[in-house]
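Accompanying notes for the structure given below.
Residue numbers (the working numbering): 43 to 206.
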């Protein structure tokens with residue numbers, strides 16, 4: 043995905059960089075992907091690639107918790123939210139859904155505030171995939187990055203949705 047964005051930036055003369063923060067054993071990873079652009083803003087993107095059999099991305103099993111001194115276990119959504127707030131970045135969850143052999147792989151970009159809203163809803167255990175599919179066509183905080191022949195295709199439309 044990072045390569046697709048970098049290719050778009052290069053081909054369209056956009057002053058921006060996107061890079062992945064690879065997690066190493068014992069290191070503290072704030073977020074998976076950084077997108078920095080004086081023109082378009084600063085973003086933090088948490089990338090999840092999951093095979094979702096149940097039709098739902100669960101907060102309890104698809105996200106981690108980590109021990110933080112003086113706080114106990116803190117959910118990944120909370121630690122990412124803190125990082126985004128402290129760094130002044132906008133946030134997204136890039137959810138790559140693997141639907142199984144012979145089926146398409148979809149990548150949804152979900153506005154982080156929507157993720158937090160669902161996480162804070164005591165009656166919500168996760169994000170339903172049918173809800174995401176319904177939201178993609180509207181003006182909601184969800185959009186797809188298309189794939190052609192197994193490669194992500196970043197276009198001006200994708201960038202406009204990302205920075206709007």
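We put the CB at the ideal spot given by N, CA and C, even for glycine. Every value quoted in this text rests on a predicted model; they were computed, and no experiment measured them.
### Message
Assuming residue 86 and residue 101 are in contact, meaning their beta carbons sit under 8 angstroms apart, how far apart are those beta carbons, in whole angstroms?
### Response
The count along the chain shown starts at 1 and reaches residue 86 at position 44. The count along the chain shown starts at 1 and reaches residue 101 at position 59. 18 angstroms between Cβ atoms; not a contact.
### Task
Answer yes or no: does any C-beta atom of chain C fall closer than 9 angstroms to that of residue 63?
The structure shown contains no chain C; it holds only a single protein chain.
### Query
Is residue 160 buried or exposed, if buried means 16 or more other CB atoms sit within 10 Å of its CB?
By 1-based counting over the chain shown, the position of residue 160 is 118. The residue is buried, with at least 16 neighbouring Cβ atoms inside 10 Å.
### Query
Counting only runs that start and end within the segment 93 to 148, where is the alpha helix (DSSP H) found for 4 or more residues in a row?
118 to 129
### Message
Is residue 102 a contact residue of the ligand ADP, with contact defined as CB to any heavy atom under 8 angstroms?
### Response
As presented, the structure is devoid of all ligands, the ligand ADP included, so that no description of it is given.
### Message
With three or more beta-carbon pairs closer than 8 angstroms as the criterion, would you say the segment 43 to 51 touches the segment 93 to 107?
### Response
Counting Cβ pairs under 8 angstroms, fewer than three are found: no touch.
### Query
Is DSSP giving residue 160 helix, strand or coil here?
Here the question's residue 160 lines up with position 118 in the chain shown. Three-state result, residue 160: helix.
### Query
For residue 43, which residues of its own chain have a beta-carbon under 6 angstroms away from its beta-carbon, when the five flanking residues on both sides are left out?
Here residue 43 refers to the residue found at position 1 when the chain shown is read from its first residue. Counting only Cβ-Cβ distances below 6 angstroms, and skipping sequence neighbours, we find 194.
### Query
Going by C-alpha distance, which of 183, 174 and 123 is nearest residue 73?
Position 31 of the chain shown, counting from 1, holds the residue named residue 73. In terms of Cα proximity to residue 73, the closest of 183, 174 and 123 is 123.
### Task
Take residue 148 and list the residues in its own chain whose beta-carbon comes closer than 7 angstroms to its own, dropping the five residues that flank it on each side.
Start at 1 with the first residue of the chain shown, and residue 148 comes out as number 106. So the list reads 139 and 186, once near-sequence residues are dropped.
### Query
According to DSSP, what are the bridge partners of residue 79?
One-based indexing of the chain shown puts residue 79 at position 37. Residue 79 is bridged to 83.
#### Entry: Span of the alpha helix (DSSP H), counted from its first residue to its last, around residue 177
To locate residue 177, count along the chain shown from 1; it is residue 135. That run of the alpha helix (DSSP H) goes 171 to 178.
### Query
Three-state secondary structure (DSSP) at residue 196?
The residue given as residue 196 occupies position 154 in the chain shown. Coil at residue 196, not helix or strand.
### Task
Can you check DSSP and say which residues form a bridge with residue 152?
The residue you call residue 152 lines up with position 110 of the chain shown. Paired residues: 135 and 184.
### Query
For residue 58, does the three-state DSSP call read helix, strand or coil?
Mapped onto the chain shown, residue 58 falls at position 16. Residue state, collapsed to three classes: coil.
### Rounded C-alpha distance that separates residue 120 from residue 80
Translated into positions along the chain shown, residue 120 becomes position 78. Translated into positions along the chain shown, residue 80 becomes position 38. Spanning the two alpha carbons is a distance of roughly 27 angstroms.
### Query
Going by DSSP, what residues sit across from residue 88 in a beta bridge?
Here residue 88 refers to the residue found at position 46 of the chain shown. Answer is 135, bridged to residue 88.
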